[in-house]
Amino acid sequence: MSIPYLFRCPISLDLFTDPVTLSTGQTYDRPSIEKWLADGNLTCPVTMQRLTDTTLIPNHTLRHFIHRWLLADPGENCRCKPVQSAGDSDAGFSLLALKQKLESSNTSRADKLDCLKKVRVLSVESDIGRACLIELGFFPLLLQLLFQSSVVVDSALAEAMLDCVLSLLASAQLDSLDMLKEHARLTSLELLLDQGNTKTKTSLCHLLEVIAASSATRELCLVVGESRRVLRALVSLLQDKSSIRASEAAVRAISGMCSLEQNRSHAIRGGVVDGLVAHLSNPTPRTVAPAAATLELLLTLEAGKKALVEHSEAIKVLVKMVFRMSTADHEGSEHALGSLLAVCCESEKAKSEAMDAGVMTQLLLLLQSQCSSMAKAKARALLKSLRTLWTEETRRL
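For the sequence shown, full-length UniProt numbering assigns the number 1 to the initial residue and increments by one for each residue that follows.
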């Protein structure tokens, strides 16, 4: 069964995603006709009539028919024998047929990949299609297929499933993700984070970021936050210099998980402090602020401060962050100051290391710059806490 001719945009020849009608009575897909008009064309593409009115009216009737067609049983669609264009393929398109193929253990790997490709395209390019996919339960199905056993899913299938899951996230009921609370499915998540390829790990980080951000999945976030295997995998990604995208995704996932107070002690025990310090020694512009903010958050716990002070390079890394010329680093600088203040107020060892790393010069440069009032307040407080060592050093000179 192929796409009915009347359900195809006359410009793109693809399934309508947002059908709109011109004053001439012709219907087009909104992105296609908007591009046509933006290119300076003032005629109707089909009739070539000159347009005196370019208003686009949503075609709710056609949208409704497409919605019904996508949800229909494949046999029912075949009996309808819709008018087809010469270019129609013979491949099945019914969403129910796609779902049945994905559910079947007899479907070949190649056919499943083809089904997932269609689901992905439909979920990204069509509001109607995405709504139908959600209505038919594709989101929980994909989660069940992805996190189904203690054996890692084929890498290509895992990538394709995750692409579909992420494209449906914005429209889905996130409580479906609660299936990850089950031990077997959580184990599957851990395996994918540990043994999956870089793209799979990056996509899982995006999923964890969403889980951490939603109140609907708060309990799930706490369950995942207790997993040492998850934390170990995320820390490893933090330090992955072969993929900037993966390390950035790991920063956002960890930042989200640590936004819940209950997760912070687990994160510290899981080595997140060391991982963040390693990442901040060579951060990307997009991760300086969230990584530094998360580190400062973990230092509200005594265990976090202890882990930082015991790290041989941590104080040096933070001191280097205090003053940088790039405006993109200003927020990171503020958080670095907060972290230094947290440990230097309680540790003579940290104070001494900060002085040896040149913190005084950094602080004076910062105070003369156009930094935020909060950064200046933290800098002055840090100077005050270092006053004893600074006075002693001045006397020796």
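Beta carbons are placed, not taken as given, at the ideal position from N, Cα and C, and that holds for glycine.
Cβ-Cβ distance between residue i and residue j below 8 Å
i	j	result
residue 238	residue 278	yes
residue 212	residue 268	no
residue 258	residue 298	yes
residue 414	residue 147	Residue coverage of the chain in this structure runs from 1 to 397, which leaves residue 414 outside it and unanswerable.
residue 378	residue 318	no
residue 220	residue 194	no
residue 271	residue 232	yes
residue 281	residue 310	no
residue 170	residue 120	no
residue 29	residue 39	no
residue 335	residue 293	yes
residue 186	residue 227	yes
residue 242	residue 196	no
residue 204	residue 191	no
residue 95	residue 141	no
residue 346	residue 305	yes
residue 315	residue 246	no
residue 99	residue 111	no
residue 289	residue 331	yes
Assigned secondary structure, residue i (DSSP; H/G/I helix, E/B strand, else coil)
i	result
residue 403	Residue 403 lies beyond the stretch modelled for the chain, which goes from 1 to 397, so this question has no answer here.
residue 50	strand
residue 287	coil
residue 8	strand
residue 24	coil
residue 361	helix
residue 13	coil
residue 84	With a pLDDT of 35 at residue 84, under the threshold of 50, the modelled position of this residue cannot be trusted; read the value that follows with caution. Residue state, collapsed to three classes: coil.
residue 3	coil
residue 377	helix
residue 294	helix
residue 43	strand
residue 385	helix
residue 130	helix
Buried/exposed call for residue i, threshold 16 Cβ in 10 Å
i	result
residue 4	buried
residue 256	buried
residue 215	exposed
residue 117	exposed
residue 86	In this predicted model, residue 86 has a pLDDT of only 31, less than 50, meaning its place in the structure is not dependable; the value taken from the coordinates is given anyway. Exposed, because fewer than 16 other Cβ atoms sit within 10 Å of the Cβ of residue 86.
residue 163	buried
residue 321	buried
residue 361	exposed
residue 129	buried
residue 263	buried
residue 58	exposed
residue 79	Its pLDDT being 35, under 50, residue 79 is placed unreliably in this model, and the value from its coordinates should be taken loosely. Exposed, by the Cβ-count rule.
residue 158	buried
residue 42	exposed
Boundaries of the beta strand (DSSP E) in which residue i is found, first to last residue
i	result
residue 21	19-21
residue 356	Segment 348-356 is the alpha helix (DSSP H) holding residue 356; no beta strand (DSSP E) there.
residue 29	27-29
Among the options, the one whose alpha carbon lies nearest that of residue i
i	options	result
residue 133	108, 372, 66 and 330	66
residue 274	244, 16, 234 and 253	234
residue 371	295, 35 and 324	324
residue 365	383, 250, 59 and 19	383
residue 286	244, 33 and 360	244
residue 10	163, 17 and 27	27
residue 173	143, 376, 186 and 192	143
residue 23	56, 34 and 37	56
residue 61	6, 250, 168 and 13	6
Boundaries (first-last residue) of the alpha helix (DSSP H) holding residue i
i	result
residue 60	60-71
residue 261	261-269
residue 275	272-280
residue 100	95-103
residue 178	Premise fails: residue 178 is in no alpha helix (DSSP H) and is neither H nor E.
residue 305	302-310
residue 256	244-257
residue 209	198-213
residue 241	Note, residue 241: premise wrong, no alpha helix (DSSP H); not H, not E.
residue 345	Where residue 345 is concerned, there is no enclosing alpha helix (DSSP H), given that its DSSP letter is neither H nor E.
residue 121	109-125
Contact with chain C by residue i, beta-carbon distance below 8 Å
i	result
residue 5	Within the model displayed, chain C is absent; a lone protein chain is all it includes.
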